[in-house]
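The structure appears right after this line, and notes come after that.
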Amino acid sequence: IIPEYPYTYNFYSEYPKEDISLNDFEKFALDRLNLLINIDNKQVGSNIPIYEDRNIRYLLNDSNDVKMVQSNEKKKYNQRRKDYLSHFILRLAYCETEDKREWFIKQECILFYIRLYNTSIDKKEQNSFIESLNSNLKIVSEKEKLSLKNELEEVISAVDNMATMEAVESAFENAKYYKINFEEVPDLVQSRSVLVKKGVAYIPSVKVIPVIVSKYKDHLHESMEKLSSVYNQLLKEDEDRLKPLLTNISNKYIDENYIDGKNGITHQDIPRITRYFPLCMQYIQRSLQMEGHLRHGGRMQYGLFLKGIGVSLEESLKFWRKAFTKITDDQFNKNYAYNIRHNYGREGKRTNYSAYSCAKIIMSNPPSTGDHHGCPFRHMSPVIVNNLLTQAGIDKDRISEVMTYVNLKHYQLACRTMLEIVTNSNEVRNVTHPNVYFD
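In terms of the numbering used here, the sequence shown opens at residue 1256 and continues consecutively.
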C-alpha cells in the first residue's frame, strides 16, 4: 500500500500539498485533458455504454492511465501521484464558469466509472475504497446476507430472469452486497432492482458503481463551486504566472482548430444550402435575414463557419454587405469590412482564424438578450429548440429523439442525431465541430 495514494481511484477529497515545477504542472494537466477530450469524443460517437466500450479501455491503456494491476511500486507511485495532481490542476483550470465545470465533472465521472467498472480491478481494494469513503454505503456481512437469502434470491430471479433455481443460487453465492438507506437510491428502488427492507436497500456489487459515481459527482459539484468562489483569491500571489497558464489549459479543448474547406461556395449559395447547416448556424442565418443585422458574437461565430465551409473573403464581403440591409455602403466599409478581412488574416496580425468548435460555442461567451450566437441545444429553452427543429423540417418522432439528448444535456449527441436526419444516414462522424456537417 502506498500511504499517500492508497487506491487506484479516489474522490480527490484532500488537496495536494507539495511543490511541482511549472513544466510538470502544464504537462500533467495537458496529458489528463487529452484523456478527457478523447473520452468526450468517444462518447459522442458511441451507441453503447461508455464503460463497456473496448475502445475506451484501449484509450486508457494507450494514455498510460493509472493501471489497475501494477507490480512495480515506483511506477504505481508515479502514476497515482500524476493522476492526483493532474485532477486538481484541471479542477482549478475548469472551475471558473458553469459550462466548464459541467464539462469537466461529466468527463471525470465517466473516467471514474470506467476505472471502477474495469473487471481486472482488485475487489479487496474496491471494498476497502468504499469503506474509506465514510459514506452511508456499507458492506453486508456474510451472516446478514445468508439471513436474507430467500428475499435476495427472489430479487435476483425477477431482475435477471434466471431460467433455473440453480442459476439463481449460484448468482446469490457469488454476489457481494452493500446496504444503504433506500432514500439515497431512488432509481434502483423505483426499478425494483434491489431488495428494500426496513428502510434499507440491499445492492449487489454490480449495481453499486452508479451509486458511488453519483456521490462522486455530488462531491465534485460542491467542491468546484467552492473553488470557483475563491478562484481569484487563490491566484492572487502568483496571478501573473499561473492565471495565463490555467486559461491556456482550459481553452485547449475550446480552441480546437478546423481546416478551412475548399468548396468554393458563393454568397448566393448560402440561403439555399442553409437547411444543411447545424441548428446553431441555421438560427443565426434566419435571424440575420429577419433583422438585417447581427451583433459581434453572431458575426464571429457565423462568419468563421462560412469561411470554414469554403466561402472566400470576396464572397464573404458580398454576403455580409447584402445581408446588412439597414446600413449604407460607407457604414459597412467603415464598421464591418475590416473585421471580416481580419478574420481571413488580411488585416492586423495577419492571423488566419479558425471556425469555432462545439466546445467553444457551448462553453464560452454565452448569449444574452438580443444575441443570436451560441448553441441552441445548450442556451435555449426546450420549447424554442422544438420550434426550431420543426422549422428545420424534422418530423415529430425524430424531434423527440433529439430532445431526449437535449434533456440529458448531451448537446453534441443531439446535434449528431440532427446530422443523421439531414443526411439520412446512421453512419456519421462525431459532431465536435459545426463544420463537420460539410465534411
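Cβ coordinates follow ideal geometry from the N, Cα and C atoms, glycine included. All figures in this text were calculated on a predicted structure; none of them were measured in a lab.
Asked: Complete runs of the beta strand (DSSP E) confined to the stretch 1397-1484 [at least 3 residues]; Found: 1432-1436, 1450-1452 and 1455-1459
Asked: Nearest to ILE1411 (by Cα), restricted to the options LYS1393, ASN1333 and TYR1432; Found: TYR1432
Asked: Opening and closing residue of the alpha helix (DSSP H) in which ALA1614 lies; Found: 1613-1618
Asked: Reduced DSSP secondary structure (H/G/I, E/B, other) of SER1375; Found: With a pLDDT of 49 at SER1375, under the threshold of 50, the predicted position of this residue should be treated as unreliable, and no value is reported.
Asked: Residues sharing a beta bridge with LYS1589, DSSP; Found: The partner list for LYS1589 (beta bridge, DSSP) is empty, contrary to what the question assumes.
Asked: Residues bridged to ILE1520 (per DSSP); Found: VAL1566
Asked: Test item: CB-CB of TYR1264 and PHE1384 under 8 angstroms; Found: yes
Asked: Buried/exposed call for PRO1261, threshold 16 Cβ in 10 Å; Found: exposed
Asked: Buried or exposed by the 16-neighbour rule on C-beta atoms within 10 Å, applied to ARG1776; Found: With the chain running from 1256 to 1694 in the structure shown, residue 1776 is simply not present.
Asked: Straight-line gap, ILE1275 to LEU1489 (C-alpha atoms, nearest Å); Found: 17 angstroms
Asked: Neighbourhood of TYR1593 by C-beta distance below 7 angstroms, restricted to the same chain and skipping five residues each side; Found: GLU1602
Asked: Straight-line Cα distance separating ILE1539 from PRO1533; Found: 10 angstroms
Asked: DSSP bridge partner residues for ILE1394 (one or two, in chain order); Found: TYR1433
Asked: Burial state of LYS1562 (16 or more Cβ within 10 Å); Found: buried
Asked: Coarse secondary structure for CYS1350, derived from DSSP in three states; Found: coil
Asked: Of the listed residues PRO1258, GLU1281, TYR1270 and GLU1273, nearest to ASN1503 (C-alpha basis); Found: GLU1281
Asked: C-alpha gap between LYS1404 and TYR1457, whole angstroms; Found: 12 angstroms
Asked: Neighbour-count burial assignment, MET1536, 16 or more Cβ in a 10 Å radius; Found: buried
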